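Accompanying notes for the structure given below.
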RNA sequence: CGGGCCGUAGUAUACCGGUAGUACGUCUGCUUUGGGAGCAGAUAGACCGAGUUCGAUUCUCGGCGGCCCGACCA
């Protein structure tokens, strides 16, 4: 096990129990291990990096354990998502992953949802493992929605989903078990839904921007949902979707919904944008979010209705809004890296500072100082060679690195892509420098 | 789900129808320490099953598992 003492605030703002007293700070060893080489059967860049750096462990195809480092990043991603969902009135709930067959029969998806995991109780009951939660939230809504006075509202959760994918691939990008944020909104009419949909779309843009990602808003097919749907695509060679992107304006369209003539023109290098005439090229994209105007698709089968001002019974209009949380972890790893390892953007980095003591020096004082100031520090106090520590640190990709050696004192490095700037600082300046 | 490639210590690999070897890791000890240190010792491995064979990790078949391409992706 990689023996690194650590201490820091967890993503949700909780203090790690190891940090309550300074005397206990050095007691905990980080539960992970770095690998010099990536396992040979990994092809996806995000999987190679996250496995090598010890952020995740693979249990089986498409199913991963999040080790402390990976979980910290995941928690930070979730914090950003929660803040933005709360800001548009989303109320957090947690629905069951184990779901009765009846709910899925009501919408016809017990048989039509191919990737639905089905399981049987030893007493004969049949259940689904939730791949999405329309079948749960709509009946739930029936218990609370009676009048126009109860509308609109929106509820979301961040939860582990299960989909029996034919072929998991791309490391964390397509798994059989994954973490997802799903928000559901409820409205009296299509106009109100549309208004909220626009709000949610804006919130999504904010989320991806805060996570350091450039996400394109792409018109999407919506599959079996309504045609009113948008995807959020992050361009990356590791993505499995093909997106036609205009070089001039913000036009972007998924290959799934463009016609053949368009594809041929684009492939011949003669694609032109229907909006501005700019050149259109095909790019690989990772779908990190997808929003839908469901309208009455799910309120109909469950008869989710309300009484309007005149006492007339009306059907509820709905929207649903998904973000692949664990997929985002993979996406960020896929994009933010250099030849030596990961390079986390500050808002999602597992720690703010990687503190290394070299050549028998002690960084205990600096560690205590930073920790007291509330800065998240990963402290490498292993008694090993300098090169091994530096290489591990390059691989982990924590934004700031503080190196303490007997000769040079404390030196701060800031890792940004492949650029590195380093300076010597007075230990007392550290807190100021590192603090966001 | 169709097609392809592949399963040897924790990781990466070698050889072989007849005692499975190397590197890194890990553990012990000593010496080291600004870019994956040295010495000494130790630890740890043939996916499962059947068949062929005197003998199978090696060959054959089946299963299971992994990766890639395609299809699918609510």
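In our numbering, the protein residues as written are 2 to 437. For each residue, glycine too, the CB sits at the ideal point set by N, CA and C. Computed from a predicted model, the values in this text were never measured in an experiment.
Distance CB(residue i)-CB(residue j) smaller than 7 angstroms
| i | j | result |
| --- | --- | --- |
| residue 315 | residue 307 | yes |
| residue 354 | residue 401 | yes |
| residue 136 | residue 105 | yes |
| residue 53 | residue 31 | no |
| residue 253 | residue 214 | no |
| residue 232 | residue 284 | no |
| residue 249 | residue 270 | no |
| residue 62 | residue 172 | no |
| residue 207 | residue 85 | yes |
| residue 157 | residue 91 | yes |
| residue 98 | residue 125 | no |
| residue 188 | residue 153 | yes |
| residue 182 | residue 159 | yes |
| residue 80 | residue 235 | no |
| residue 129 | residue 119 | yes |
| residue 1 | residue 219 | Since the first and last residues shown for the chain are 2 and 437, residue 1 lies out of range. |
| residue 406 | residue 360 | yes |
| residue 335 | residue 46 | yes |
| residue 177 | residue 192 | no |
| residue 324 | residue 204 | no |
| residue 303 | residue 139 | yes |
| residue 348 | residue 70 | no |
| residue 75 | residue 33 | no |
| residue 245 | residue 266 | no |
Run of the alpha helix (DSSP H) containing residue i, from where it starts to where it stops
| i | result |
| --- | --- |
| residue 264 | 261-268 |
| residue 120 | It is not in any alpha helix (DSSP H) - residue 120 instead sits in the beta strand (DSSP E) that spans 118-121. |
| residue 243 | Premise fails: residue 243 lies in the beta strand (DSSP E), 242-247, not in any alpha helix (DSSP H). |
| residue 389 | 387-397 |
N- and C-terminal bounds of the beta strand (DSSP E) containing residue i
| i | result |
| --- | --- |
| residue 31 | Residue 31 -> no beta strand (DSSP E), and no H or E assigned at all. |
| residue 178 | 178-188 |
| residue 333 | Per DSSP, residue 333 belongs to no beta strand (DSSP E); it is in the alpha helix (DSSP H), 326-336. |
Collapsed DSSP secondary structure at residue i in the structure displayed
| i | result |
| --- | --- |
| residue 214 | coil |
| residue 363 | coil |
| residue 283 | strand |
| residue 1 | Any question about residue 1 goes unanswered here, given that the chain covers just 2 to 437. |
| residue 296 | strand |
| residue 436 | coil |
| residue 371 | helix |
| residue 316 | strand |
| residue 41 | coil |
| residue 352 | coil |
| residue 154 | strand |
| residue 340 | coil |
| residue 99 | strand |
| residue 194 | helix |
| residue 52 | helix |
| residue 430 | helix |
| residue 207 | helix |
Per DSSP, cross-strand counterpart(s) of residue i
| i | result |
| --- | --- |
| residue 412 | 404, 425 |
| residue 233 | 218, 290 |
| residue 148 | 308 |
| residue 273 | 280 |
| residue 159 | 182 |
| residue 175 | 170 |
| residue 254 | 220, 245 |
| residue 322 | 184, 292 |
| residue 357 | 381, 404 |
heavy atom of the ligand NAP below 6 angstroms from residue i C-beta
| i | result |
| --- | --- |
| residue 388 | No copy of the ligand NAP appears in this structure; indeed no ligand is present at all. |
Which whole runs of the beta strand (DSSP E) in the segment 59-93 are 3 residues long or more, in chain order? 64-67, 91-93
Which runs of the alpha helix (DSSP H) fall wholly inside the segment 101-146 and span at least 4 residues, in chain order? List check, alpha helix (DSSP H) in window: 102-107, 110-113, 135-143.
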